[in-house]
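All remarks here apply to the structure that follows.
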Amino acid sequence: MRIIGGIILLPLFCLAVIILTGILIWIIVKRGSHTVQDYLESQESTPRETDSSNANNRWARGELLSESTGTPSAKPVTVCPACGADNPEGESKCQSCGQPL
Numbered sequence: 001m002r003i004i005g006g007i008i009l010l011p012l013f014c015l016a017v018i019i020l021t022g023i024l025i026w027i028i029v030k031r032g033s034h035t036v037q038d039y040l041e042s043q044e045s046t047p048r049e050t051d052s053s054n055a056n057n058r059w060a061r062g063e064l065l066s067e068s069t070g071t072p073s074a075k076p077v078t079v080c081p082a083c084g085a086d087n088p089e090g091e092s093k094c095q096s097c098g099q100p101l
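Residues 1 to 101 in full-length UniProt numbering are what the sequence shown spells out, letter by letter.
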């Protein structure tokens with residue numbers, strides 16, 4: 001008789017634990033969502049002013065533009081016949097593979 005009573009109480013105990021866990025999770029989620037929601041509402045209601053006096057306005061002043069508006073001057077190069085690397089004009093050996101140019 002005692003074994004039957006214990007067998008019946010075990011599922012009821014497990015069900016009670018599951019229900020209490022669900023209620024606890026629901027309370028935590030609800031409380032957390034209100035906290036986040038309150039924070040977001042306070043951020044939205046606070047007016048934001050940006051001070052741009054210290055901003056980097058070099059682009060607006062034109063300081064970032066290149067000095068010449070034409071095409072950049074290309075330095076003459078010699079192409080290595082062995083590896084195809086570009087070498088400055090006047091070099092006798094390739095800077096990449098060392099083969100004579």
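Ideal Cβ positions, reconstructed from N, Cα and C, are used throughout, including at glycine.
Buried/exposed call for residue i, threshold 16 Cβ in 10 Å
i: C83; result: exposed
i: C80; result: buried
i: C14; result: exposed
Strand pairing of residue i, partner residues [DSSP]
i: R75; result: The residue you asked about is not Arg; residue 75 is Lys in the sequence shown. Looking at the DSSP assignment, K75 forms no beta bridge with any residue, so it has no partner.
6 Å CB neighbourhood of residue i in its chain, flanking five on each side removed
i: P76; result: E89
Option in the options with minimal Cα separation from residue i
i: A85; options: C97, I23, T21; result: C97
Test item: CB-CB of residue i and residue j under 8 Å
i: Q99; j: N87; result: no
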